[in-house]
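Take a look at the structure set out below.
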Amino acid sequence: MEYEVVVGLEVHAQLATRTKMFCGCPVRFGERPNSLVCPICLGLPGVLPVVNESAYHMSLRTAVALGCELASFTKFDRKNYYYPDLPKNYQISQYDLPFAEGGSVPISTPGGEKSIRLVRVHMEEDAGKLVHTPLGSLVDLNRAGTPLMEIVSEPDLSSPEEARSYLEELKRMLEYLEVCDCNMEEGSLRCDANLSVRPVGQKELGVKTEIKNMNSFSGVEKALTYEAGRQIRTLVAGGVIEQATLLWHEDREETSVMRTKEHAHDYRYFPEPDLSPIVLDAKKVEQIRGELPELPRTRWQRFQADYDLSEYDAEVLIRDRALADYFEDLAGRVGQGKLAANWVTNQVSAVLNERKIPVAECPVSSDRLSELLLRVDSGDLSKGMAGKVFDSMLGSDASLDQLIEKLGGGQISDPDTLRPLVEEVFGEQAKIVEDIRGGKDKAKNALFGKVMGKTRGRGNPEVVRGLIEELLASGS
Amino acid sequence: MELEVSTVKHIAHLSRLELSDSELERFRGQLMDILTFVESLADLDLESVQPRVHAVEVTNQFRADHPHEPLGTEEVLAGTADRQGDTFRVPVVVDTEDVLED
Amino acid sequence: MSDFHCWAADRIAGAVGSGEVTAETVARHFLERIDRLDDKVGAFLQVDTQGAIEQARAVDRDIAAGKPPGPMSGVPVGIKDNICTRGLPTTCASRILEGFVSPYDAEVVKRLRDAGAVILGKLNLDEFAMGSSCENSGLGRTVNPWDPDRVPGGSSGGSAAAVAAGLATITLGSDTGGSIRQPAALCGVVGLKPTYGRVSRFGLIAFASSLDQIGPFAMDISGVALTLSVLAGEDPQDSTCIAASVPDYLGTLEGSLEGKKIGIPREYFEFEMHAGISQCVERAAQVYRDLGVEVVEVPMPHTKHAIATYYLVANAEASSNLARYDGVHYGHRNQEAKELVEMSCRSRSEGFGDEVQRRIMLGTFALSSGYYDAYYLRALKVRQLIRQDFDAAFEQVDALLCPTSPIPAFRMGEKVEDPMQMYLCDIMTAPASLAGVPAISVPCGFVEEEGRSLPVGLHLVSRPFEEETLLGIARAFEVRYEGSGRMPAEVL
Numbered sequence: 001m002e003y004e005v006v007v008g009l010e011v012h013a014q015l016a017t018r019t020k021m022f023c024g025c026p027v028r029f030g031e032r033p034n035s036l037v038c039p040i041c042l043g044l045p046g047v048l049p050v051v052n053e054s055a056y057h058m059s060l061r062t063a064v065a066l067g068c069e070l071a072s073f074t075k076f077d078r079k080n081y082y083y084p085d086l087p088k089n090y091q092i093s094q095y096d097l098p099f100a101e102g103g104s105v106p107i108s109t110p111g112g113e114k115s116i117r118l119v120r121v122h123m124e125e126d127a128g129k130l131v132h133t134p135l136g137s138l139v140d141l142n143r144a145g146t147p148l149m150e151i152v153s154e155p156d157l158s159s160p161e162e163a164r165s166y167l168e169e170l171k172r173m174l175e176y177l178e179v180c181d182c183n184m185e186e187g188s189l190r191c192d193a194n195l196s197v198r199p200v201g202q203k204e205l206g207v208k209t210e211i212k213n214m215n216s217f218s219g220v221e222k223a224l225t226y227e228a229g230r231q232i233r234t235l236v237a238g239g240v241i242e243q244a245t246l247l248w249h250e251d252r253e254e255t256s257v258m259r260t261k262e263h264a265h266d267y268r269y270f271p272e273p274d275l276s277p278i279v280l281d282a283k284k285v286e287q288i289r290g291e292l293p294e295l296p297r298t299r300w301q302r303f304q305a306d307y308d309l310s311e312y313d314a315e316v317l318i319r320d321r322a323l324a325d326y327f328e329d330l331a332g333r334v335g336q337g338k339l340a341a342n343w344v345t346n347q348v349s350a351v352l353n354e355r356k357i358p359v360a361e362c363p364v365s366s367d368r369l370s371e372l373l374l375r376v377d378s379g380d381l382s383k384g385m386a387g388k389v390f391d392s393m394l395g396s397d398a399s400l401d402q403l404i405e406k407l408g409g410g411q412i413s414d415p416d417t418l419r420p421l422v423e424e425v426f427g428e429q430a431k432i433v434e435d436i437r438g439g440k441d442k443a444k445n446a447l448f449g450k451v452m453g454k455t456r457g458r459g460n461p462e463v464v465r466g467l468i469e470e471l472l473a474s475g476s
Numbered sequence: 001m002e003l004e005v006s007t008v009k010h011i012a013h014l015s016r017l018e019l020s021d022s023e024l025e026r027f028r029g030q031l032m033d034i035l036t037f038v039e040s041l042a043d044l045d046l047e048s049v050q051p052r053v054h055a056v057e058v059t060n061q062f063r064a065d066h067p068h069e070p071l072g073t074e075e076v077l078a079g080t081a082d083r084q085g086d087t088f089r090v091p092v093v094v095d096t097e098d099v100l101e102d
Numbered sequence: 001m002s003d004f005h006c007w008a009a010d011r012i013a014g015a016v017g018s019g020e021v022t023a024e025t026v027a028r029h030f031l032e033r034i035d036r037l038d039d040k041v042g043a044f045l046q047v048d049t050q051g052a053i054e055q056a057r058a059v060d061r062d063i064a065a066g067k068p069p070g071p072m073s074g075v076p077v078g079i080k081d082n083i084c085t086r087g088l089p090t091t092c093a094s095r096i097l098e099g100f101v102s103p104y105d106a107e108v109v110k111r112l113r114d115a116g117a118v119i120l121g122k123l124n125l126d127e128f129a130m131g132s133s134c135e136n137s138g139l140g141r142t143v144n145p146w147d148p149d150r151v152p153g154g155s156s157g158g159s160a161a162a163v164a165a166g167l168a169t170i171t172l173g174s175d176t177g178g179s180i181r182q183p184a185a186l187c188g189v190v191g192l193k194p195t196y197g198r199v200s201r202f203g204l205i206a207f208a209s210s211l212d213q214i215g216p217f218a219m220d221i222s223g224v225a226l227t228l229s230v231l232a233g234e235d236p237q238d239s240t241c242i243a244a245s246v247p248d249y250l251g252t253l254e255g256s257l258e259g260k261k262i263g264i265p266r267e268y269f270e271f272e273m274h275a276g277i278s279q280c281v282e283r284a285a286q287v288y289r290d291l292g293v294e295v296v297e298v299p300m301p302h303t304k305h306a307i308a309t310y311y312l313v314a315n316a317e318a319s320s321n322l323a324r325y326d327g328v329h330y331g332h333r334n335q336e337a338k339e340l341v342e343m344s345c346r347s348r349s350e351g352f353g354d355e356v357q358r359r360i361m362l363g364t365f366a367l368s369s370g371y372y373d374a375y376y377l378r379a380l381k382v383r384q385l386i387r388q389d390f391d392a393a394f395e396q397v398d399a400l401l402c403p404t405s406p407i408p409a410f411r412m413g414e415k416v417e418d419p420m421q422m423y424l425c426d427i428m429t430a431p432a433s434l435a436g437v438p439a440i441s442v443p444c445g446f447v448e449e450e451g452r453s454l455p456v457g458l459h460l461v462s463r464p465f466e467e468e469t470l471l472g473i474a475r476a477f478e479v480r481y482e483g484s485g486r487m488p489a490e491v492l
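Chains as they are written, first to last, in this note's numbering: chain A, 1 to 476; chain B, 1 to 102; chain C, 1 to 492.
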């Protein structure tokens with residue numbers, strides 16, 4: 001029997017606000033424990049939350065971009081449960097009236113584009129960090145109260161690869177929207193998955209397990225592949241799948257059971273009496289819609305059409321919004337999309353990767369690079385020389401001409417400059433010329449090599465070959 | 001309104017209260033009295049009534065995304081009974097809700 | 001020896017502001033009285049002698065330096081101990097917060113300080129403001145200054161007793177279902193619960209967030225009017241505190257009642273009630289009729305459901321609000337427990353008194369899976385109906401009139417064993433709390449019990465954010481009531 005995999009993802013994205021969801025404490029990673037904490041996020045007696053307007057607007061921007069239906073009236077609720085990283089022992093979240101429902105994320109699959117539907121998007125606050133040691137558990141509340149957006153997908157994903165594509169697409173969207181840093185290692189983007197399998201053709205969903213603790217995209221793909229395999233093997237062997245919450249262990253590349261039966265948590269949700277509800281401001285939504293950036297997928301399609309790029313090249317370029325901007329600027333200046341794409345995906349990307357720097361810190365601006373590429377395009381500079389010039393640009397602010405001069409000049413394409421050199425070689429290498437005339441066509445390469453030697457490699461190969469043919473034909 | 005002892009135990013656990021058997025029994029009686037009293041609400045026809053959460057009708061209260069000065073680690077930890085370095089320390093967390101729920 | 005404890009707040013502020021007396025002299029007068037009398041009354045949990053003198057001196061210095069005096073310059077105030085004060089313990093009269101010192105001032109405390117008030121200390125209450133007698137305090141015992149064998153009412157029992165005994169000119173209390181008005185009535189002082197949203201709750205330790213409201217106690221209406229002018233107004237730290245303009249409540253007190261109408265909600269008088277109390281209230285109604293005010297009966301059909309509704313809504317919120325006291329970040333922690341859940345359960349059971357535990361259990365139950373719709377949600381709907389009762393009544397009348405409490409101060413221990421009996425103390429006051437409307441208790445007479453004169457409170461209620469009207473109507477009665485300003489003989 002053949003089985004198919006059914007996956008739904010719950011993504012928690014930390015909103016890129018300056019301050020926390022309900023208080024003015026700065027949001028920063030890696031600071032001294034409990035140094036970004038105030039009476040409000042410490043849950044001291046008597047404090048009250050107030051909603052961070054930027055967090056709400058970023059959430060709205062995301063929902064508009066995802067095509068969600070925005071609730072005309074939304075409110076916050078308390079989710080009650082005890083945990084030492086949750087200072088109030090309730091989390092302010094949204095329960096029955098999330099601010100956004102529906103919407104979708106388009107992904108590419110081997111079978112073409114597929115739309116992954118969303119259930120809902122809601123806002124909530126993050127908990128602190130808990131580290132377990134043999135002598136007790138240690139609580140750091142720096143993260144407590146950080147604004148989160150929870151994005152819940154329908155179980156529309158049919159493979160671990162699709163799950164990964166979905167996450168990559170969502171991550172790019174959030175980055176383009178500038179609402180999340182999407183750093184999985186620092187936990188600013190987190191993902192839990194629900195996975196079940198069923199025989200192909202069966203309508204009803206199988207028993208699902210929830211997988212937690214996946215800390216990278218590849219981890220998600222591996223964990224889901226592992227779990228799908230486990231479930232299928234269990235069924236094939238005649239076993240049954242038990243509903244459970246599983247923890248993924250990246251190091252061992254396997255899961256362990258965290259909770260067996262689906263525990264009936266009783267969160268006792270009720271409307272947060274300390275916060276007033278939010279009524280949707282249609283004008284604000286229109287403003288947000290008007291200010292939406294071009295989304296990565298649209299850009300990907302446009303790059304292929306406008307610049308005649310391959311899917312792959314376009315994909316590499318749009319992965320990072322700043323890189324795509326760099327490319328577009330460059331392509332516009334040079335007027336040659338493919339040439340610009342080649343340079344950005346090769347030389348520029350190599351520098352960024354090697355130095356682990358963002359595009360904004362690239363030592364060669366798109367403006368400067370465009371000057372270089374214009375010379376390549378006009379034939380004034382050979383590819384090899386251009387590469388050398390680019391390398392020297394990384395460490396020098398000198399002008400392009402100065403750099404070219406320093407490296408021995410640009411390409412010689414002028415036939416009038418090259419002709420005397422070709423004639424010189426014809427004079428020196430009479431034997432070869434004779435051989436060629438006698439039918440040894442291959443000997444042309446030797447002649448070409450000699451000419452190029454005289455130009456110290458700077459001769460335009462096409463022009464040199466043309467001149468050689470010309471002189472051979474003239475019979476001089 | 002009749003309350004099972006097991007229900008009262010469950011509620012005590014959700015409330016994070018440790019009650020002796022005699023306390024459980026006493027609370028069970030008192031809660032039953034109160035719940036019997038509040039059952040008078042069941043007589044009302046509330047089909048078309050909207051619940052009222054807030055006493056005032058105010059909406060869209062926001063705060064600008066401006067940072068304020070945090071308390072400082074020492075003051076944050078000033079009230080705790082046990083700390084380790086810059087963190088709060090609590091006895092080990094045994095994450096077994098199922099067991100605890102009986 | 002002066003009689004500053006018989007002075008109204010504005011008189012003290014005026015005299016201090018003009019340099020006629022110093023704030024320090026006034027503060028010392030009250031500190032001396034507290035020192036001498038509070039052993040008997042038990043109103044204070046904490047007296048900040050040194051802090052009060054320092055504040056008073058600072059006020060005197062500012063005035064001597066020619067700075068414009070604040071509206072409450074030198075007025076000695078006491079703060080209910082569920083309102084956070086920086087540097088002073090704030091305990092909620094609970095062992096779970098014993099020794100807790102807040103690193104910040106509640107917004108109302110900040111406003112009082114800015115207005116020149118001198119904070120004398122922190123006042124006793126029923127633990128976490130849950131109770132009607134102050135007997136649920138885990139840290140102190142407060143008696144009624146009119147009869148030390150009787151309760152001062154609650155939960156703001158310390159705040160009411162302190163004013164009644166002349167231990168502070170103004171005190172702050174908090175009212176969730178009647179916690180300002182009922183003790184004011186039982187102690188024979190004025191107590192105002194402002195409209196929900198009129199005064200910032202930032203720094204008020206939450207019992208039931210959608211009901212809690214801070215308000216003042218004073219010997220007379222001018223005192224609560226002056227204090228409300230200082231406390232009221234928008235606070236960006238409290239999303240439920242409204243940006244509505246704040247009138248000069250003191251300056252508008254003596255307005256005419258012409259054209260005003262007062263409603264008597266008949267349903268309130270269907271409850272069992274002390275005969276002397278209904279007579280006092282009837283006499284008060286007659287005072288208004290004599291003033292030419294039209295007094296009419298108005299229907300408030302859902303009144304009888306208010307207590308049930310109130311206890312479900314308030315305790316559901318309380319069960320969540322009090323979840324933070326688990327011994328992890330601050331407050332009492334059981335040191336024996338080896339495991340976290342055990343630690344939290346023990347800390348809470350040791351730290352919370354019986355009534356608090358009972359209410360947490362009730363609230364948890366009302367919110368729990370399978371019971372939410374039948375209890376909590378149902379209560380929210382009845383709350384809506386109760387509010388509609390008020391809205392309808394206020395289309396006809398400007399204020400409602402009834403007793404604040406159906407009974408006078410009761411004997412210590414009389415109701416502690418029967419929570420339901422204690423809950424019924426709120427039947428007159430809880431409806432206005434659920435509706436969020438402003439209400440005041442004003443002394444309107446005495447009843448004789450076992451040879452003692454016990455005060456009776458008149459309860460007046462008005463439209464949301466119309467405290468001006470409420471205070472004006474109350475003031476008209478006050479000036480015509482011969483018992484106004486009377487203090488218990490023992491403490492004079």
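Beta carbons are placed, not taken as given, at the ideal position from N, Cα and C, and that holds for glycine.
As the structure is a prediction and not an experimental result, all values here were calculated from the model.
Counterpart residues of residue i in DSSP-defined beta bridges
i	result
A/Met214	A/Cys191
A/Pro147	A/Glu125
A/Asp281	A/Asp281 is not bridged to any residue.
A/Ile92	A/Arg78
A/Tyr3	A/Pro199
Inter-residue Cα distance where the pair is residue i and residue j
i	j	result
C/Cys444	C/Arg266	19 Å
C/Asn124	A/Pro293	59 Å
C/Gly263	C/His329	50 Å
B/Val76	C/Glu24	35 Å
B/Lys9	B/Thr36	19 Å
Partners in chain B for residue i, counting only beta-carbon separations shorter than 8 Å
i	result
A/Cys25	Pro67, His68, Pro70
C/Lys338	Pro91, Val92
Contact set between residue i and chain A, taken where Cβ atoms lie within less than 9 Å
i	result
B/Arg16	Tyr82, Asn89
Proximal chain A residues relative to residue i, where beta-carbon distance stays under 8 Å
i	result
C/Val328	Pro84, Pro87, Val139
B/Asp190	What the structure shows of chain B is the stretch from 1 to 102, and residue 190 of chain B is not part of that stretch, so it cannot be assessed.
Per-residue contacts from residue i into chain B (C-beta, under 9 Å)
i	result
C/Phe100	Gly79
Cβ pair residue i, residue j closer than 8 Å
i	j	result
C/Phe410	C/Arg150	yes
Any chain C beta carbon closer than 8 Å to residue i
i	result
B/Leu31	yes
A/Asp274	yes
Amino acids of chain C, ordered along the chain, whose beta-carbon sits closer than 9 Å to that of residue i
i	result
B/Arg83	Residues of chain C passing the Cβ test: none, with the nearest at roughly 10 Å.
Residue i at chain A interface by Cβ criterion, 8 Å
i	result
C/Arg324	yes
C/Cys444	no
B/Asp98	Since pLDDT at B/Asp98 reaches only 39, below the 50 mark, its modelled position is unreliable, and no value is offered.
Per-residue contacts from residue i into chain C (C-beta, under 7 Å)
i	result
B/Ser40	His305, Ala308
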